[in-house]
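Have a look at the structure below before the remarks.
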Amino acid sequence: MKTNNYEIIKLIEAQKNLNVVGFNKQPTNVIDQSYCKTLEESLIKNVNNIQYFSMNWKPVTNILSQLVNLISLDIKLSSYADWNYLDKVCLPNLKILKTQKIPSKDLANLIQNTKGNLIEISIQYEGNDNRRLLQVIYNKCPNLKYLKISFNNIDIIKLEKLLIECKYLNGLFLNTLDNNDPDWDNLFEILIRSSPKNLFRFKFSYYYKIFRFNSLELFLDNWNKQPILLQTIPVCLLVDADFKRHQQQVNDLINKYVTKGSVKAYDLGKIFEDFEWTQNKSRAYF
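The sequence shown begins at 45 in the numbering used here and counts up by one.
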């Protein structure tokens, strides 16, 4: 073990009220199992105090099951791994969950063991079936305010059920990049029909060549709730004239509704935090 690593562990063990912990290992694809194990074991001594925890490797110990007072969990991985043991992890106080490359079936198990306190869920995973995950979310997260998730056509019924059951939902970020042919008409019709009254913040990430302007126009024409905050994030393999034309068309279309007043604010393509819709950064909803 390198000296500086040992000093970090000593520092952790010396803390009396360690409640925020974040680890960002570089490179992410190389894991020193021995060091990670010792590091996690040093944290276990502070488990009763830790409330905010983030890391970018799969734990080599059972530390997650020890963090019973956790409020925020953020795990961002660079590769896939086996997370079956999450069905044995119970985090009753969890309010914020952010993950990357953790399968939806394992996340469903984790959320199933929470106690209804989750208000923010951000999931990045290239999967094609989130039906059970969506079902668990609307059954276990009645106070949910913000959701980021991949959208696939087979999820549509469960997504509508979530919109109906999660009455406090305020912001929705749908990623369609893993969907070769999103059913835009059905999606936008469901958003019009079933969105809760508090939902007025929308983000859509999509591959620009399969986007349907008519569907978006239908959505904006028929939206009859409060003015929305909207961000569209078109993705391309190459920024060419066709992509720039698409950006201009989207921008022109939505600005028409900004003028009408049905869209309060709009952004095209900038990368904010998951649940920020304007450049003025605000975390007041936490």
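Virtual Cβ for every residue (Gly too), placed ideally from N, Cα, C. Only a predicted model underlies this, so the values are computations on that prediction, with no experimental measurement involved.
From residue i to residue j, what does the alpha carbon distance come to, in whole angstroms?
i, j, result
"residue 108", "residue 169", "20 Å"
"residue 229", "residue 62", "49 Å"
"residue 159", "residue 127", "20 Å"
"residue 59", "residue 236", "51 Å"
"residue 214", "residue 318", "13 Å"
"residue 112", "residue 106", "12 Å"
"residue 197", "residue 316", "26 Å"
"residue 124", "residue 143", "12 Å"
"residue 322", "residue 202", "29 Å"
"residue 55", "residue 131", "32 Å"
"residue 185", "residue 216", "14 Å"
"residue 52", "residue 85", "13 Å"
"residue 301", "residue 295", "10 Å"
"residue 118", "residue 129", "17 Å"
"residue 287", "residue 95", "43 Å"
"residue 289", "residue 259", "18 Å"
"residue 211", "residue 191", "13 Å"
"residue 153", "residue 138", "14 Å"
"residue 266", "residue 82", "57 Å"
"residue 69", "residue 103", "12 Å"
What would DSSP say about residue i, mapped onto helix, strand or coil?
i, result
"residue 59", "coil"
"residue 251", "strand"
"residue 168", "strand"
"residue 157", "coil"
"residue 54", "helix"
"residue 179", "helix"
"residue 46", "The pLDDT assigned to residue 46 is 47, lower than 50, so where the model puts this residue is not dependable, and the model offers no usable value."
"residue 322", "coil"
"residue 121", "coil"
"residue 315", "coil"
"residue 143", "strand"
If the criterion is Cβ atoms closer than 8 Å, does the pair residue i and residue j meet it?
i, j, result
"residue 244", "residue 275", "no"
"residue 207", "residue 240", "yes"
"residue 200", "residue 225", "no"
"residue 135", "residue 165", "no"
"residue 121", "residue 145", "yes"
Between residue i and residue j, which are expected to be in contact by the criterion C-beta below 8 Å, what is the C-beta distance as a whole number of angstroms?
i, j, result
"residue 193", "residue 174", "6 Å"
"residue 297", "residue 257", "6 Å"
"residue 232", "residue 262", "6 Å"
"residue 250", "residue 278", "6 Å"
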